[in-house]
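I have placed the structure first, in the form of structure tokens, so that the comments after it can refer back to it.
6 protein chains.
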Amino acid sequence: MKCQANRKPSPTENRELRTANCEPLTAMRLAIYPGSFDPITYGHLDVIHRACRLFDELIVAVALNDQKHTSCLFTIDERIAILQEACEGVAKVRIAKLNGLLVSFARSCGAKAIVRGLRAVSDFEFEFQMALMNRKMEPDIETIFLMPKEEYTYLSSRIVKEIARLGGNVEAFVPPCAVKALAKKLSEKA
Amino acid sequence: MKCQANRKPSPTENRELRTANCEPLTAMRLAIYPGSFDPITYGHLDVIHRACRLFDELIVAVALNDQKHTSCLFTIDERIAILQEACEGVAKVRIAKLNGLLVSFARSCGAKAIVRGLRAVSDFEFEFQMALMNRKMEPDIETIFLMPKEEYTYLSSRIVKEIARLGGNVEAFVPPCAVKALAKKLSEKA
Amino acid sequence: MKCQANRKPSPTENRELRTANCEPLTAMRLAIYPGSFDPITYGHLDVIHRACRLFDELIVAVALNDQKHTSCLFTIDERIAILQEACEGVAKVRIAKLNGLLVSFARSCGAKAIVRGLRAVSDFEFEFQMALMNRKMEPDIETIFLMPKEEYTYLSSRIVKEIARLGGNVEAFVPPCAVKALAKKLSEKA
Amino acid sequence: MKCQANRKPSPTENRELRTANCEPLTAMRLAIYPGSFDPITYGHLDVIHRACRLFDELIVAVALNDQKHTSCLFTIDERIAILQEACEGVAKVRIAKLNGLLVSFARSCGAKAIVRGLRAVSDFEFEFQMALMNRKMEPDIETIFLMPKEEYTYLSSRIVKEIARLGGNVEAFVPPCAVKALAKKLSEKA
Amino acid sequence: MKCQANRKPSPTENRELRTANCEPLTAMRLAIYPGSFDPITYGHLDVIHRACRLFDELIVAVALNDQKHTSCLFTIDERIAILQEACEGVAKVRIAKLNGLLVSFARSCGAKAIVRGLRAVSDFEFEFQMALMNRKMEPDIETIFLMPKEEYTYLSSRIVKEIARLGGNVEAFVPPCAVKALAKKLSEKA
Amino acid sequence: MKCQANRKPSPTENRELRTANCEPLTAMRLAIYPGSFDPITYGHLDVIHRACRLFDELIVAVALNDQKHTSCLFTIDERIAILQEACEGVAKVRIAKLNGLLVSFARSCGAKAIVRGLRAVSDFEFEFQMALMNRKMEPDIETIFLMPKEEYTYLSSRIVKEIARLGGNVEAFVPPCAVKALAKKLSEKA
């Protein structure tokens, strides 16, 4: 099938479109992917890869603590270290600490968008709530939702920690550096 | 708050980021917003505006018929005419006819993304289903979900047509050209 | 549109209504319970009883056709007849034909509220959508949701008709007059 | 348990109440709107206004603690004080402390209904659960669900507190007295 | 971990358990897997395989028409033929025509259970509704829900037919015999 | 209706089916029903009875602590004691302590299935998540979902404890031994 535009573009439009193709157009597109990443899972990594295909740069913003995970297993520095190792090969990604309001951080970075992965229905509601509150506070930053690979649809850091705590193998759920970090942390706690 | 990257970028990375800023980077970002638009509502228009802030060009692709709306009130040409009038002032938008598989169309256009508005839970499931099927067929095209303004969260073409059919005023729900088109069409049918 | 009561009020009722209208407090509270009732189920009846405890009068408004049930099994007159027999003993209830916009009807009746039963999640979304549209058109009429008895949570006219069509016993789901009407109608169709 | 009104009724009110109680129709309709209100949001206020249009009196019952919010930011007396200031202009409303079972409280007040605002799907399930349990314990008290204005659909006290804690502006979400109380409380905690 | 029973079984119990182990126990366990299978997908096949591990025999019951799919693309004989080819290698499976009430059919077969695959939320509600109605009519037959492989979670016959109709490749979604049947049927229709 | 197999079974198949009928077929079918049972409710008991009709033996596995109920009201020994009394009359049931990974326990017992009761939508998501994680770790053990009686659909241990704590009567929700245990425990705590 051919892509046919239905409306004949006016000469002005044509010029504009041509311009668009050969100029820096809009400034570099920057997006924020916020979370607690306690620790990063393959689901998070999948969203990171997808976001990188849509944006010029992605800042993975690690929340000091957020409203869902009142107490993290890993310190923020540990979570960042695991993320950095996991994202080693991923171009365009930077890791940052997020210790204030997400929208203030996004604005200070010049981000155009906040990226969120959608997993399931309960997620959906919570994510909508957050996105609408953020929009109220900062109408110019758009929240976009990406769908992780279906095998990661039901994956969460919480459940991975629970499985690790009970002695289960979590290699299918988190990258090797997170597997190691979980083993170390849990043996310290025991 | 200042935006602080936590990981000191290596010299190579720095170069790469600089390059990114002053070069044509990636080709122009093109997205597809598919639907039946029978007729366009303010909810659709809101999604169009949001998508235009994220992409360099947006093709609104009007489906000949789709699996949800087996029989449209308006012909495809009428739906396109209404859309064109409604999108008059919106730069970056082109309207196109979609008479085959969405992913084939997207590929032929060189689109990087399919844009969908998320309204409510039942939507969410259907949209996920479509998005996963599309990904199976065309893994390189990402479906992204945007959240319309909350006052449009529960708006749908179907309910607007029902209200118009029963003599209700739909000016709060669809743009003026759609109001007029609905009145004309329904008076013809009566 | 005029609000037409289907059942001729008895003299006693008339007196009571007059009293209600010209006495203090707030005017008599009137609510509308709209639906297609094709046919009425025990779930509908349960909602009717609950609504009657909250309001001074309840108008059960039978839609000529609505956006969910494009083709009814029973004619509107048959549906009204079944409803009237089923509501025989229920004081405060009047049955009316609804052949226009619900909110116009409600306003013409002086109703303060639209009553809806909430069954399950998909319902919830649809009902919210309708309620918000109605509120946009008529902000002074409140939609209130009641919860049917849990054993009726999953009951619907559609599924009852399907069971009856396949020869199943529907006595547990609809009142005797509806059982009889279903048997008659289906034998006519066969 | 005794039903304790928090606001001393004025002589006029007393007269009105007496009238209501000894006049025809049905007795004065009284409803309870329970919650933790930690603090009250514009979403709560919206539900209060809607309920007041349906009932003759509304008791806003502030739970000492409930099963969702194990630890409140504000003491019950602070929460009541904020509520009273926020409801200043709203006729028909009384604020009360709820320190036992909701249905026992409702019965002791002579309430006909419990009012709940429905926000989103997860709410819906929890609210249904509570409503069915309450009905099992007190079949004569009906739970009715109202739909807040759509812009408040995703608003919650929890998220407002989180935003305030991170230094965000919450004036769009809670009334001025709650904004002030949040600022004071959080500066004390810091 | 060792499997430890916490309660010391009484001598009677021990005998009973021993008996259970070496006797024909209960009669052969037979389950019904009903549907329209228009046509069978890999999601259906996955559920069939899972059910076969739990039951001694599985009857796949093809509905003449059901309440969700008012008009099938394939005739019932075509659907059965496709199913038979797709289930060729699957022991324990029989294919049957279902032209009445599911529970009557199940009872006449001596089935202990009805098997259903759960895909997503909207499914969940519909399936619950059906299961509760069936239980009302036949309390002795249990409906059990199985979870298909996550990659089939969002797969449906309806969407497969839509993709095929638009010229898409459906080999990832349905077995080869269904691919062939779809191509033939759609070319006849064109 | 008669149960008619559509495909004439081949002689080999016939032999196989006959064999199935008169031999120990598959080993005894054992299922696990895991939970925290803090305390057991009538909803749990209902699932236990249903599971017993499908399996030869059911192990009710009481989790030391799980990811949903971080702190139980009753000790694990108390919860087991209540369960044992509640299941007194139920043949086929054994109670066991679960202090590791569910799938490891299931494998060590030789269980073919994990049984879960499905209550409502939020449950559904959580249960799916758990079931998919368990399947990843142990593909040979199937999770099956049963639907409790509709009057138990919204029942949970958490809400029962809350009602008991506030002085409510919980006899409609939990068996007598749990009523007694709750009263004792709460009086100790007071």
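Protein chains in written order, with the working numbering: chain G, 1 to 190; chain C, 191 to 380; chain D, 381 to 570; chain S, 571 to 760; chain E, 761 to 950; chain Z, 951 to 1140. Glycine included, each C-beta is placed from N, C-alpha and C at the ideal position.
Nearest neighbour of residue i, chosen from the options [CA to CA]
i: S:Leu736; options: S:Tyr722, S:Ser757 and S:Val660; result: S:Ser757
i: C:Leu235; options: C:Tyr342, C:Val369 and C:Lys375; result: C:Tyr342
i: C:Ser261; options: C:Phe227, C:Cys277 and C:Ala286; result: C:Phe227
i: E:Leu824; options: E:Phe905, E:Arg813, E:Ala856 and E:Lys921; result: E:Ala856
i: S:Phe675; options: S:Cys657, S:Ile646 and S:Met707; result: S:Met707
i: E:Phe815; options: E:Pro936, E:Gly870, E:Glu931 and E:Ala943; result: E:Gly870
i: D:Ala544; options: D:Leu526, D:Phe525 and D:Lys564; result: D:Lys564
i: S:Met703; options: Z:Lys1130, Z:Val1110, Z:Asn1049 and Z:Leu1051; result: Z:Val1110
i: E:Lys852; options: E:Tyr914, E:Glu885, E:Pro899 and E:His809; result: E:His809
i: D:Arg433; options: D:Glu458, D:Val470 and D:Phe454; result: D:Val470
i: E:Tyr914; options: C:Glu278, C:Pro329 and C:Arg325; result: C:Arg325
Burial state of residue i (16 or more Cβ within 10 Å)
i: Z:Gly985; result: buried
i: Z:Ser1106; result: buried
i: E:Pro908; result: buried
i: E:Gly928; result: buried
i: Z:Ala981; result: buried
i: E:Glu885; result: buried
Whether residue i touches residue j by CB criterion (8 Å)
i: Z:Tyr983; j: Z:Val1010; result: yes
i: D:Gly497; j: D:Val442; result: no
i: D:Arg474; j: D:Glu437; result: yes
i: G:Ile76; j: G:Cys177; result: no
i: Z:Leu1096; j: Z:Ala1036; result: no
i: Z:Glu1100; j: D:Glu542; result: no
i: Z:Ile1091; j: Z:Val1065; result: no
i: Z:Glu1038; j: Z:Ala1131; result: no
Cα-Cα separation between residue i and residue j, rounded to whole angstroms
i: E:Arg918; j: E:Val934; result: 12 Å
i: G:Glu13; j: C:Gln274; result: For G:Glu13, the predicted model reports a pLDDT of 38, less than 50, meaning its position is unreliable; a value from the coordinates is still stated below. Rounded to whole angstroms, G:Glu13 to C:Gln274 spans 14 Å at the Cα level.
i: S:Ala701; j: S:Thr713; result: 6 Å
i: Z:Ile1030; j: Z:Ile990; result: 9 Å
i: G:Glu127; j: D:Gln509; result: 20 Å
i: E:Glu931; j: C:Lys302; result: 24 Å
i: Z:Ala1140; j: D:Met408; result: 48 Å
i: C:Leu291; j: D:Arg499; result: 36 Å
i: S:Leu668; j: G:Asn99; result: 37 Å
i: Z:Leu1023; j: Z:Pro1089; result: 34 Å
i: C:Val369; j: D:Val559; result: 44 Å
Residue i CB to nearest heavy atom of the ligand NAP below 7 Å
i: E:Ala811; result: Summarising the ligand content, the structure contains no ligands, and the ligand NAP is consequently not present.
Residues within the segment 513 to 541 of chain D neighbouring chain Z, beta-carbon criterion of under 8 Å
Residues passing the 8 Å Cβ filter: Glu530, Glu531, Thr533 and Tyr534.
Using a Cβ cut-off of 7 Å, which residues of the segment 464 to 484 of chain D contact any Cβ in chain C, in chain order?
Residues are counted here when their Cβ sits less than 7 Å from a Cβ of chain C; for the segment 464 to 484 of chain D these are Gly480 and Leu481, given in chain order.
Where the segment 990 to 1009 of chain Z meets chain E: residues whose CB sits under 8 Å from a CB there
Per Cβ criterion, the list reads Arg1000, Arg1003, Leu1004, Asp1006, Glu1007 and Ile1009.
By the 8 Å beta-carbon criterion, what residues does the segment 675 to 688 of chain S contribute toward chain D?
Those would be Lys682, Ala683 and Leu688, in chain order.
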